[in-house]
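In our numbering, the protein residues as written are 29 to 548.
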């Protein structure tokens, strides 16, 4: 008997259930006829043995894989395992496919169940005469229907084979409404599933990193703003309706969640990629809206241009401050930056002094040293320095170079004075230098540090020599002792090493002498 034709968005597991129900066979006989093994366990959304199933239909196994399972979603987000997942599901290697999908390698575990939408079930029954299991409803972590905005209901699969007659969605279940965020997330996941089913383009984590860069969640040094990302992502996850919280951040301080995900080195469940992509999409939309709002609310002239215009008209700093609401310090900085003459009393920082300050600043002098030289405050020096374009950046580079030379010299000096020191001793004695160079000059540090020394095995004990030495000690102790001493007391007298008790067989002369003394 041929496999029933697929309905829209029907999963292959649903077709197998309908085929099994129509066959009237027992579960063991059906599994043996279709899969060649009566002990097969059928996974609801990662069904293996597609090549054998497709013998009962006129379809290609690769088409069934792409259109009637969730394999495309896993293959898209796990490109390095794509071919393994595909080959394992087409053949009958279910365990290999589960391992390749990383379901056994992540901390997030959910009980195997199959989900359905009560509204979809009733609509399908009216249109096709029976309800069936939808593929888009089986995406892990999705708890809302992408069409009707109601919560998905779980149907647990308790039998080993997960197959029974008439195992289709019931029609008498009351619908429960879902919130807008869960509904939007379900629609986003449905679109991604359809896109991955039609396209073979693999996923790269750099796509997310580029979007984070545009949204300002990555610093100039390439580091993630984890706190900001996690706060926003956690808030979004709290708005979702979900049956389990394993796939989402546990708190707004679950930094391990975001660190492991963005590192790209730890196995992750595909639902995390869907959640992060959905969050990025919402962030991009919100940024566009905020930019539009800022553009509409932007005044005809910016505050900075207004201050500059008033200063050029000869207005005093006090009057400019009253008009614009900006501080005198801010206005003074603008005047210095654009070389606008201002009337200040007393006129201590003249143009000539400003030029000398800038000259010393360009040479790398510390602002406190410059302030001490000209008898002014370090804040005034910093204000003059800030007025010169790109000077602050250059001085930061000077500081970086100075610190690098200082720490390198510190490491080299210690190694020169302690040529036999090991790496750990260098780290302890030059702690700050070691860690700074480890971050900024890692290659130089590891080339300069002492090479690892091979561990030296302890020399073997010369028991003959030790026997003679102990014999002398024992004789001296027994001569002085007025009472008879046992071997245990003698061992304690010579240091309590256990030589006369545990290693007595290695000390024949000493033991012989002790026994002779005990028998006297």
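All C-beta atoms, glycine included, are put in the ideal place defined by N, C-alpha and C.
| query | Can the beta-carbon of residue 295 be found less than 7 Å from the beta-carbon of residue 139? | reply | Residue 139 is positioned such that its CB atom lies no closer than 7 Å to that of residue 295.
| said: Could you tell me the alpha carbon to alpha carbon distance between residue 275 and residue 170, rounded to whole angstroms? | reply: Their Cα atoms are separated by approximately 10 Å.
| query | Alpha carbon to alpha carbon, what distance is there between residue 232 and residue 163? | reply | C-alpha separation (whole angstroms): 24 Å.
| said: Give me, in chain order, the residues of the same chain whose beta-carbon lies closer than 8 Å to that of residue 361; leave out the 5 immediate sequence neighbours on both sides. | reply: Non-local beta-carbon contacts of residue 361 in its own chain, meaning distances under 8 Å to residues more than five positions away in sequence, involve 411, 414 and 415 in chain order.
| Given residue 523, which residues of its chain have a CB within under 6 Å of its CB, disregarding the five upstream and five downstream residues? | Contacts found: none.
| If we count Cβ pairs, one from each stretch, closer than 8 Å, do we get three or more for the region 290-308 versus the region 235-254? | Yes, since at least three Cβ pairs between the region 290-308 and the region 235-254 fall closer than 8 Å, the two stretches touch.
| query | Within 10 angstroms of its Cβ, does residue 45 collect 16 or more other Cβ (buried), or is it exposed? | reply | Within 10 angstroms of the beta-carbon of residue 45 lie 16 or more other beta-carbons, which makes it buried.
| said: Taking DSSP's pairing of strands, which residues face residue 166 in a bridge? | reply: Paired residue(s): none; residue 166 is not in a bridge.
| query | Can you tell me the Cα-Cα spacing of residue 538 and residue 485, whole angstroms? | reply | Taking the straight line from one Cα to the other gives about 28 Å.
| Of the residues 186, 65, 181 and 213, which one's Cα is nearest the Cα of residue 201? | Ranking 186, 65, 181 and 213 by Cα distance to residue 201 puts 181 first.
| Counted within 10 angstroms of its Cβ, other Cβ atoms place residue 72 as buried (16 or more) or exposed | By the neighbour-count rule (16 or more Cβ atoms within 10 Å), residue 72 is buried.
| task | Using the Cα positions of residue 326 and residue 244, report the straight-line distance between them to the nearest angstrom. | result | In this predicted model, residue 326 has a pLDDT of only 48, less than 50, meaning its place in the structure is not dependable enough to derive any value.
| Would you call residue 148 buried or exposed, if buried means 16 or more other Cβ atoms sit within 10 Å of its Cβ? | Sixteen is the threshold: when 16 or more other Cβ atoms of the shown chains lie within 10 Å of the Cβ of residue 148, as they do, the residue is buried.
| Whole-angstrom distance between residue 118 and residue 112, CA atom to CA atom | If I take the Cα positions, the gap works out to 10 Å.
| request: Return helix, strand or coil for residue 178, following the three-state DSSP convention. | output: If DSSP states are grouped into helix, strand and coil, residue 178 belongs with the strands.
| How big is the Cα-Cα spacing for residue 398 and residue 447? | Using only the alpha carbons, I get a separation of about 41 Å.
| field | Own chain residues within Cβ distance below 7 Å of residue 409, not counting five before or after | value | For residue 409, where only same-chain residues beyond five positions count, the Cβ hits under 7 Å are 385, 395, 398 and 399.
| task | Please determine if the region 468-479 and the region 514-521 are in contact, where contact requires at least 3 C-beta pairs separated by less than 8 Å. | result | In this structure the region 468-479 does not lie against the region 514-521, because fewer than three pairs of beta carbons, one per stretch, are closer than 8 Å.
| Taking DSSP as the reference, what is the three-state secondary structure of residue 429? | If DSSP states are grouped into helix, strand and coil, residue 429 belongs with the helices.
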